[in-house]
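Trainee: Okay, handing you the structure first.
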Amino acid sequence: KLRKHQITGLVVAVIAAVILAMMVEK
Numbered sequence: 429k430l431r432k433h434q435i436t437g438l439v440v441a442v443i444a445a446v447i448l449a450m451m452v453e454k
């Protein structure tokens, strides 16, 4: 089972990765 904390952690990690990718592209 995935707990809400684990799901939140995954979402935050994905968002952080997207932000870093956008910063690198600029």
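For the sequence shown, position 21 matches number 449 in our numbering, and the numbering has no gaps at all.
Beta carbons are placed, not taken as given, at the ideal position from N, Cα and C, and that holds for glycine.
These figures come from a predicted structure and were not determined experimentally.
1. Please state the DSSP three-state secondary structure of Lys-432.
2. Give me the Cα-Cα distance between Lys-432 and Leu-438, rounded to the nearest whole angstrom.
3. What does the alpha-carbon distance come out to for the pair Met-451 and Ile-435?
Mentor: The structure says:
1. Correct three-state label for Lys-432: helix.
2. Spanning the two alpha carbons is a distance of roughly 10 Å.
3. Going from the Cα of Met-451 to the Cα of Ile-435 covers about 24 Å.
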